[in-house]
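Asks: Per numbering that gives the first Met the number 0, the very first residue in the sequence shown carries number 0; after that it's consecutive. Heads up, the beta-carbon is just placed ideally off N, CA and C, and yes, glycines get one too. All values derive from a computational prediction rather than experimental measurement.
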Amino acid sequence: MNLAQRTRLLDAAERAQRNAHAPYSHYRVGAAVLTDGGKIYAGCNVENASYGLTICAERVAVGAALAAGARRVRAAAVIADGPDVPYPCGACRQVLAEFAADDAPLLVARRGHLRQAEEFTLGELLPHAFRLRAGKGAGNLKPET
Ligand code: THU
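Below, the structure written as structure tokens:
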């Protein structure tokens, strides 16, 4: 990921954050993913009156990328308000691991402080991610190329 892509990714996450539907937690999250085709797709958290149905911003971004035809995620960014940077939840780390490699960069930043974004790899945040591999107990499942 080059500097321009990094800036675009963080900006896209910040823009999506404005569209968050978070009337219950009031914690607004924006996320964006950079695909192997160089495109960027964004998502925001979408809460529900039935709280458990809430979808995190990262998973909405991944879904948008997949729906547009992308199949690989090269990098991701997450933005939220508050005193702490928004480390993605465990469920979103696992969902990202389905489409991104262990060395994919993950940027986390507080809104308005994009220059101070912290950077991790997915493998750092989710070591030994669960992935099904053909021939390793996965039956006939093969990862798409
Ligand atoms: N949330 C995300 O969007 N991403 C995460 O990785 C963690 C949590 C959202 C879900 C919910 O709408 C709000 O933050 C508070 O949990």
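With 9 angstroms set as the bound, which would you pick, yes or no: does the beta-carbon of LEU106 sit closer than that to a beta-carbon of chain C?
Replies: Going by chain labels, chain C is absent from the structure shown, which holds only one protein chain.
Asks: How about the region 30-37 and the region 48-65: do they share at least three Cβ pairs that are nearer than 8 angstroms?
Replies: Counting Cβ pairs under 8 angstroms, three or more are found: they touch.
Asks: Check for me: the alpha helix (DSSP H) holding THR53 runs from which residue to which?
Replies: Counted from its first residue, the sequence shown places residue 53 at position 54. From DSSP, THR53 is part of no alpha helix (DSSP H); its letter is neither H nor E.
Asks: Taking buried to mean at least 16 other C-beta atoms within 10 Å of its own C-beta, is LEU121 buried or exposed?
Replies: On the sequence shown, residue 121 is found 122 positions in, with the first residue counted as 1. Per the 10 Å Cβ criterion, buried.
Asks: Smallest Cα separation from ALA67: which of ARG17, THR34 and ALA11?
Replies: Along the sequence shown, read from residue 1 onward, the residue named residue 67 stands at position 68. With distances taken between Cα atoms, ALA67 lies closest to THR34.
Asks: Just tell me which of GLY51, ALA79 and ALA48 has its CA closest to the CA of GLU57.
Replies: What you label residue 57 is simply residue 58 of the sequence shown in a count that begins at 1. With distances taken between Cα atoms, GLU57 lies closest to ALA79.
Asks: Tell me which same chain residues have a C-beta within less than 7 angstroms of the C-beta of PRO163, skipping the five on either side of it?
Replies: As displayed, the chain neither begins before 0 nor continues past 144, which places residue 163 out of reach and without an answer.
Asks: Between VAL72 and the ligand THU, is there a pair consisting of the residue's CB and a ligand heavy atom that are separated by less than 8 angstroms?
Replies: Translated into positions along the sequence shown, residue 72 becomes position 73. Result no, Cβ not under 8 angstroms from the ligand THU.
Asks: Would the C-beta of VAL77 count as close to the ligand THU, meaning under 8 angstroms from any of its heavy atoms?
Replies: The sequence position of residue 77 within the sequence shown is 78, counting from 1. At least one heavy atom of the ligand THU is nearer than 8 angstroms to the Cβ of VAL77, so yes.
Asks: Where does GLY62 sit, in a helix, a strand or coil, going by DSSP?
Replies: The residue given as residue 62 occupies position 63 in the sequence shown. In the structure shown, GLY62 sits in a helix (DSSP, three-state: H, G or I).
Asks: If you check the beta carbons only, do LEU124 and ASP10 fall under 9 angstroms apart?
Replies: Taking the sequence shown and counting its residues from 1, one reaches residue 124 at position 125. Taking the sequence shown and counting its residues from 1, one reaches residue 10 at position 11. Against a cut-off of 9 angstroms, the Cβ pair of ASP10 and LEU124 comes out as no contact.
Asks: Go through the region 77-126 residue by residue and report every complete run of the beta strand (DSSP E) that reaches 3 residues or more, in order.
Replies: Entirely contained in the region 77-126, the beta strand (DSSP E) runs reaching 3 residues are, in chain order, 104-109 and 117-120.
Asks: Per the contact definition of three or more C-beta pairs closer than 8 angstroms, is the region 37-52 in contact with the region 83-97?
Replies: As far as the Cβ criterion goes, the region 83-97 does not touch the region 37-52, which means the pair count is below three.
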